[in-house]
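Protein chains in written order, with my numbering: chain W, 5 to 207; chain P, 5 to 207; chain B, 5 to 207; chain C, 5 to 207.
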């Protein structure tokens, strides 16, 4: 299995999962005399959930490339850890609908738990993928930069804890939990935009 | 992040968003004795909305490449501006259904406003993406053609105003607004077909 | 616009349109005591429609590559003719559902007409795309093989007539028309498998 | 038809089919006072079916590449055998829904038979694709490794029998049949992870 083909397949799954998210936004069926404008405003939890999941999948795609940029070869275990990761990414649209429909209603707890559990396991798989490849330089490029390698190891560590924490918050307040998932994504975008710009890569 | 990979991911989102549009066309459920032919003709707003959005996404894909052709490197901010743009492109199928179902009925105003607002924000993001990259030649190729660069800057400027204008028309006539979105797309196709043919690129 | 990127985008649309076809096959909702096996057998028109459209899109994808193999450059008109072609390909899932649900029932005529009209217009666009590129060698590779070029011109000519003819048959018998669309696809697969094998291309 | 383009198109269909699987998981509509958490737990057959099909499609994608790695050229018959294979892969989401909804209920037999028949025919097509290419070295690379070639021939042979056997089990117990499909996938992942790691490929 060449690395390039594995990347292209993974990119495809990331892109399709992100684009399928829009199908979760239900077009309102209006009652006689109902106002479409009002119905569209009432869909705000769907827009929030769409934005949260799209950003989160986008960030995970960026991270996936950070991993693959350091990889020089692949083996079957790496292949299947990656397949497990993709299975979770492709699953995200389902808990996203749950979050959109139920997080701000009476069943918010289960919805936020389902969403958060999915993201937490995904973050665990990311750590597994990276640590399997980086352990003892197993699959790294011969010229992989040790500073960047240990930087990635450090950067991935808090992911499962952050998502796991935001998930546990759902037991107290599903709304706060849902807001935290968005905050995590926005914080990541913000911090890497302001502090990571020097990593610009020439083509 | 290499530019090629970013392009491939973006292309995937454009292609999927455009192809998902067909799912908005609802297959008619016929009453006893109903005519399928008649029901299919009554779906003309869906065909119009499909054509408008497909062309618009296609044109935005062409513009996305004009931007990337001038780009030599990327940074994290550029990456996330692009992700925001893709989030909007992938969202287009939703307001397209609204336009198809409601633009020519009693709730046309909200539908056309939702559609137009999406396209207007998308056009703003295109300007942001381009101006971020082109400002002070920040991310441009060293050999980027200054004439083409300033040509793109000029060409992208009217986009938000045109879409914003067509959106405001919805307050007076949703039907006219919907027609304008199609007209903008057809005008773009027509003008670049007749005046832009000399830009033919060798492989 | 580089040719490679245009091909990749087109390939994406072909692949997605073909894969979305499966969504048209409705999972049966069983009545109390209903037999799933029987319900699945009753879905045979859906399987036929799926097979017909998948093969047809696959064949059109093969033809699309025959065109692009002879192309050396592109221009804006070619770009938009291609976009029109893709808009039709991405539309195919809709008439496919119509064919699956209605071709073998009381409303077969409109369903087969809608399906056939889509394929006929698609075939016309294929001719337009090719003839625009080949006219006076406008966009052909400098080393394009004249024998292959005139072979493609001849091969594409009958498409609109075959599909148009099969469409008109719907006025007499929608079932025969639906069978003809499948027969055309199978005939193409069969004839190029048995007579075209010498065109094997080295990598 | 160049091999690279055929691979890219095939990869697209594999990726899209796998990602569409998530659409089969129906978001529960709760009765007044219903518990979402309970409803989500009751969906376990959907999660199982999702995991089984995602893994199976992933494994088939890995195998597809094993074939293509040995291929040096293509011909029209190979092209259409591959198209038939893709038609089956893209069909998998449909029997997956059947398995999810019906395998653990009163209509399990037909659901498991439909699922198993699809996988069995897919495995037959895989053998056909490979044996057509490998027969008398018809389409193999000139430098194809004879050991690897006969290894693939041996490895693909049991596929149809394993899937066919698991399908027949449905006549006795649909639940056991469904469990076997998952077991086959997990066994494949496990065995190639533990015994196949030395096949690591440098980039």
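The C-beta atom is built at its ideal place from N, Cα and C for all residues, glycine as well.
Exposure label - residue i; buried when at least 16 CB within 10 Å
{"i": "residue 140/P", "result": "exposed"}
{"i": "residue 190/W", "result": "exposed"}
{"i": "residue 202/C", "result": "Note that residue 202/C scores a pLDDT of 43, beneath 50, so its modelled location is shaky and nothing firm can be said."}
{"i": "residue 159/C", "result": "exposed"}
{"i": "residue 83/B", "result": "buried"}
{"i": "residue 151/C", "result": "exposed"}
{"i": "residue 10/P", "result": "buried"}
{"i": "residue 195/B", "result": "exposed"}
{"i": "residue 98/B", "result": "buried"}
{"i": "residue 147/W", "result": "exposed"}
{"i": "residue 149/W", "result": "exposed"}
{"i": "residue 122/B", "result": "buried"}
C-beta contact flag for residue i and residue j at 8 Å
{"i": "residue 116/B", "j": "residue 167/B", "result": "no"}
{"i": "residue 32/P", "j": "residue 44/P", "result": "yes"}
{"i": "residue 100/P", "j": "residue 179/P", "result": "no"}
{"i": "residue 142/B", "j": "residue 197/P", "result": "no"}
{"i": "residue 153/B", "j": "residue 161/B", "result": "no"}
{"i": "residue 137/W", "j": "residue 71/W", "result": "yes"}
{"i": "residue 23/W", "j": "residue 21/P", "result": "yes"}
Cβ distance (whole Å) where residue i is taken to contact residue j below 8 Å
{"i": "residue 129/P", "j": "residue 85/P", "result": "7 Å"}
{"i": "residue 182/W", "j": "residue 59/W", "result": "At roughly 13 Å, the Cβ-Cβ gap does not stay under 8 Å, so residue 182/W and residue 59/W are not in contact."}
{"i": "residue 185/P", "j": "residue 88/P", "result": "Residue 185/P to residue 88/P, Cβ: 21 Å. No contact."}
{"i": "residue 26/W", "j": "residue 61/W", "result": "Their Cβ separation, rounded to whole angstroms, is 12 Å, which puts residue 26/W and residue 61/W out of contact at 8 Å."}
{"i": "residue 16/P", "j": "residue 19/W", "result": "3 Å"}
Closest residue to residue i among the options (Cα-Cα distance)
{"i": "residue 124/C", "options": "73/C, 143/C, 146/C, 93/C", "result": "93/C"}
{"i": "residue 172/B", "options": "112/B, 146/B, 11/B, 95/B", "result": "112/B"}
{"i": "residue 163/C", "options": "137/C, 24/C, 132/C", "result": "132/C"}
{"i": "residue 135/C", "options": "30/C, 9/C, 54/C, 68/C", "result": "68/C"}
{"i": "residue 39/P", "options": "114/B, 118/B, 138/B", "result": "114/B"}
{"i": "residue 118/C", "options": "155/C, 42/C, 170/C", "result": "170/C"}
{"i": "residue 90/C", "options": "57/B, 155/B, 79/B", "result": "57/B"}
{"i": "residue 54/B", "options": "30/B, 36/B, 37/B", "result": "30/B"}
{"i": "residue 79/W", "options": "42/W, 155/W, 64/W, 6/W", "result": "6/W"}
Report task. Determine contact between the segment 49-67 of chain B and the segment 100-108 of chain B, defined as no fewer than three beta-carbon pairs at a distance below 8 Å. Result -> yes
Query - Segment contact flag, the segment 181-190 of chain W with the segment 66-86 of chain P, C-beta cutoff 8 Å, min 3 pairs - result: no
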